[in-house]
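Under the numbering used here, the first residue of the sequence shown is numbered 176, with each subsequent residue one higher.
Beneath this line is the structure, given in structure tokens, with notes to follow.
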Amino acid sequence: MAEPSPGEPGKVAAGRKRNRRKRAPSPVYGAIDLGTNNCRMLLAHRTGSGFQVIDAFSRVVRLGEGVAAEGRLSDDAMDRAVEALKICASKIRRHKSIRYRSIATQACRMAGNGEAFLERVRTETGLEFDLISPEEEARLAVHGCVDLLDPDKDAALVIDIGGGSTELSWVDLAEWRKRGGPESGGRPPMKSWTSTPVGVVTLSERFPEREDREAWYNEMKAYAAGLMKTPRGARAMRPLFSEGRGHLVGTSGTVTSMAGVHLRLPRYDRSRVDGLWMSGEEALAACARLRNLDVAGRALEPTIGSDRAELVLAGCAIYEAVAEAWPADRLRVGDRGLREGMLLNLMRKSRKRRRKRRSSSDETGGEE
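Right, here's the structure in full:
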């Protein structure tokens, strides 16, 4: 048997060492959305052009409770939010390789002590928060529901009803179709957007529920409609909706609650709600069914519960105000929103960085 050459033992040893190396764990991406009513987090792995959720957290903290009247976050509300964020921080620390982003929205924008509260969060939890603008909030909502858009339509209006504000985003699907639509991998162009300073928490606080429920509901709807402005860029899209060439997309808890009521679900089932198409009449019928129930009756609805019972009608009033101004024959329901938009953005940036590194490595190799 021939003796190995002097270089061969080293090659074998190196091969064995490589085989013993553990493959680097798949990176984890995280998104935390601290809203006026809820604190939500998603952790996920990238899968192709999407992602797979590996952990999630959601808690009603009512951070914006009373902020519209007082102009500041209350001590109790801040304490509730910090306790929820401590749980988020502990989940993040379990992962060695993680990229995440944390954002705060309308409650912290409105409150005089919003920035001081986020500094307290950083000190007590280690989480750094970005206080984002209404425009970025609208864009993230659109990014999170791109695959819910119907590329055969010419326009879509994405409705994100939050606790303290409502973001509306008009999307040009006809232009997206010219650019290749979903198959292009590009995002659909936002024609315009607006943020209305009314959400389920602020509206329900301004209009406490009364026995004359129909008059009370109509007052909420009229108030919300009066605050909504149509930006210049959206005006040209009005004919598309009046001619049936546009559709609505709802990305909030209000719309998922409407979907659960419409489906008569015995318990909430995201797989049946996310991506559901409802006709305009079905959406309004779900609102009407909820409107005919008092708080106790709404709490007994399996997909509403006590956490949403007091707020869901304010959300329905906002939805109806939008639907009357922008009529459409169909509504697409999305159980998703800012967190999904953040995750996709993080993964997209990660891809771009890797492509740049590979390109730089190729150029260096060629020069050597």
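Note that the Cβ used here is the ideal one computed from N, Cα and C, for glycine as well.
Treat the numbers as computed from the prediction; the structure is a model and nothing was measured.
Considering His318, what are the terminal residues of the alpha helix (DSSP H) in which it resides? Taking the sequence shown and counting its residues from 1, the one referred to as residue 318 is at position 143. Residues 309-319.
How many angstroms separate the CA atom of Glu310 from the CA atom of Met285? Sequence index remark: in the sequence shown, residue 310 carries index 135 (1-based). Sequence index remark: in the sequence shown, residue 285 carries index 110 (1-based). Straight-line Cα distance between these residues: approximately 15 Å.
Can you tell me the Cβ-Cβ gap for Thr222 and Ala282, rounded? I've got them flagged as a contact below 8 Å. Here residue 222 is taken as the residue at index 47 of the sequence shown, counted from 1. Here residue 282 is taken as the residue at index 107 of the sequence shown, counted from 1. Going by Cβ atoms, the distance from Thr222 to Ala282 rounds to 33 Å, so no, they are not a contact pair.
Inter-residue Cα distance where the pair is Asp387 and Val376: Your numbering for residue 387 matches position 212 in the sequence shown. Your numbering for residue 376 matches position 201 in the sequence shown. Going from the Cα of Asp387 to the Cα of Val376 covers about 20 Å.
Leaving aside the five residues before and after Pro477 along the sequence, list all residues of the same chain whose C-beta is less than 8 Å from its C-beta, in chain order. In the sequence shown, counting from the first residue as 1, residue 477 sits at position 302. Once the five neighbours on either side are set aside, the close Cβ partners of Pro477 are Gly435, Leu440, Pro441, Arg442, Tyr443.
Could you check what DSSP says for Phe382 in three-state terms: helix, strand or coil? Start at 1 with the first residue of the sequence shown, and residue 382 comes out as number 207. Coil at Phe382, not helix or strand.
Taking only three categories from DSSP, how would you classify Arg523? Translated into the one-based positions of the sequence shown, residue 523 becomes position 348. Reduced to three states, the DSSP call for Arg523 is helix.
Mapping the DSSP letters down to three states, classify Ala411 as helix, strand or coil. Along the sequence shown, read from residue 1 onward, the residue named residue 411 stands at position 236. Looking at Ala411 - three-state DSSP - the assignment turns out to be coil, as it is neither helix nor strand.
Let me know if Pro184 comes out buried or exposed under the rule of 16 or more other beta-carbons within 10 Å of its beta-carbon. The residue given as residue 184 occupies position 9 in the sequence shown. With a pLDDT of 47 at Pro184, under the threshold of 50, the modelled position of this residue cannot be trusted, and the question is left open.
Based on the DSSP output, what are the partners of Trp452 in its beta bridges? On the sequence shown, residue 452 is found 277 positions in, with the first residue counted as 1. Looking at the DSSP assignment, Trp452 forms a beta bridge with Arg507.
Given Gly516, which residues of its chain have a CB within under 6 Å of its CB, disregarding the five upstream and five downstream residues? For the purposes of this step, residue 516 is identified with residue 341 of the sequence shown, where counting begins at 1. So the qualifying residues of the chain are Leu315, His318, Gly319.
Three-state class that DSSP yields for Glu299 in the structure shown: Within the sequence shown, residue 299 is the residue found at index 124, counting from 1. Looking at Glu299 - three-state DSSP - the assignment turns out to be helix.
Would the beta-carbon of Arg237 fall within 7 Å of that of Ala252? In the sequence shown, residue 237 corresponds to position 62, counting from 1. In the sequence shown, residue 252 corresponds to position 77, counting from 1. Yes, these two residues count as a Cβ contact at 7 Å.
Extent of the continuous alpha helix (DSSP H) to which Lys353 belongs: Translated into the one-based positions of the sequence shown, residue 353 becomes position 178. That run of the alpha helix (DSSP H) goes 348-353.
Bridge partners - Asp305, DSSP secondary structure assignment: To locate residue 305, count along the sequence shown from 1; it is residue 130. DSSP output for Asp305 lists Ile278 as bridge partner(s).
With distance defined between alpha-carbon atoms, name the residue in Cys462, Glu485, Ala503 nearest to Lys546. Here the chain comprises residues numbered 176 to 543, so residue 546 is not present and cannot be evaluated.
According to the Cβ coordinates, are Gly408 and Lys353 closer than 7 Å? As a working mapping, residue 408 is identified with position 233 in the sequence shown. As a working mapping, residue 353 is identified with position 178 in the sequence shown. Contact: no.
Is the region 411-419 close to the region 484-504, with three or more CB pairs under 8 Å? yes
Contacts around Ile267, its chain only, beta-carbon distance under 7 Å, and the 5 residues preceding and following it disregarded: Position 92 of the sequence shown holds residue 267. Excluding residues within five positions, the ones whose Cβ falls inside 7 Å are Gly205, Ile273, Tyr275.
Closer than 7 Å by C-beta to Gln227: which residues in its own chain qualify, once you throw out the five before and the five after it? Chain order, please. Your numbering for residue 227 matches position 52 in the sequence shown. Correct list, in chain order: Ala219, His220.
In this structure, does DSSP put Asn213 in helix, strand or coil? By one-based count along the sequence shown, residue 213 stands at place 38. Asn213 falls in the strand class under three-state DSSP.
Thinking C-beta only, is Ser359 closer than 7 Å to Leu486? Locating residue 486 in the sequence shown gives position 311, where the first residue counts as 1. Locating residue 359 in the sequence shown gives position 184, where the first residue counts as 1. Their beta carbons are not under 7 Å apart, which means Leu486 does not touch Ser359 by this criterion.
Check this for me: beta carbons of Leu260 and Leu302, under 7 Å apart or not? If you number the sequence shown from 1, residue 260 lands on position 85. If you number the sequence shown from 1, residue 302 lands on position 127. Yes, the Cβ-Cβ distance between Leu260 and Leu302 is below 7 Å.
Can you tell me the Cα-Cα spacing of Trp368 and Thr426, whole angstroms? Stepping through the sequence shown from its first residue, residue 368 is reached at position 193. Stepping through the sequence shown from its first residue, residue 426 is reached at position 251. Those two C-alpha atoms are separated by around 15 Å.
Provide the residue(s) that pair with Val228 in DSSP beta bridges, ordered along the chain. Along the sequence shown, read from residue 1 onward, the residue named residue 228 stands at position 53. DSSP lists Ala219 as partners of Val228.
Is Lys366 helix, strand or coil when you go by DSSP? Taking the sequence shown and counting its residues from 1, the one referred to as residue 366 is at position 191. Note: Lys366 maps to strand in three-state DSSP.
For a test of the three-state rule: what should DSSP assign to Ile479, helix, strand or coil? On the sequence shown, residue 479 is found 304 positions in, with the first residue counted as 1. Here Ile479 sits in coil by DSSP.
Provide the residue span of the alpha helix (DSSP H) that contains Ala286, from first to last. In the sequence shown, counting from the first residue as 1, residue 286 sits at position 111. No alpha helix (DSSP H) contains Ala286, which DSSP labels as neither H nor E.
If you check the beta carbons only, do Ser340 and Pro372 fall under 7 Å apart? What you label residue 340 is simply residue 165 of the sequence shown in a count that begins at 1. What you label residue 372 is simply residue 197 of the sequence shown in a count that begins at 1. Taking 7 Å as the Cβ cut-off, Ser340 and Pro372 qualify as a contacting pair.
Return the residue from the list Arg385, Ser446, Leu438, Glu312 that minimises the CA-CA distance to Glu457. The sequence position of residue 457 within the sequence shown is 282, counting from 1. The shortest Cα separation from Glu457 among Arg385, Ser446, Leu438, Glu312 belongs to Leu438.
Glu312 vs Glu342 beta-carbon contact at 7 Å: Residue mapping note: residue 312 aligns to position 137 of the sequence shown, counting from 1. Residue mapping note: residue 342 aligns to position 167 of the sequence shown, counting from 1. For Glu312 and Glu342, yes; Cβs fall inside 7 Å.
Can you list, in chain order, the residues of its chain with a C-beta nearer than 7 Å to that of Ile307? Leave out the 5 residues immediately preceding and following it. Against the sequence shown, residue 307 aligns to sequence position 132. Only Ile278, Thr280 meet the Cβ criterion.
Who pairs with Asp335 in a beta bridge, going by DSSP? Counting from 1 along the sequence shown, the entry for residue 335 is found at position 160. Bridge partners of Asp335: Glu342.
I think Leu488 touches Tyr392, with their Cβ atoms under 8 Å apart; what is that distance to the nearest whole Å? On the sequence shown, position 313 is the one that residue 488 refers to. On the sequence shown, position 217 is the one that residue 392 refers to. The pair is a contact, with the Cβ atoms about 6 Å apart (cut-off 8 Å).
When DSSP builds the beta bridges, which residues end up paired with Gly239? Sequence index remark: in the sequence shown, residue 239 carries index 64 (1-based). DSSP lists no partner for Gly239.
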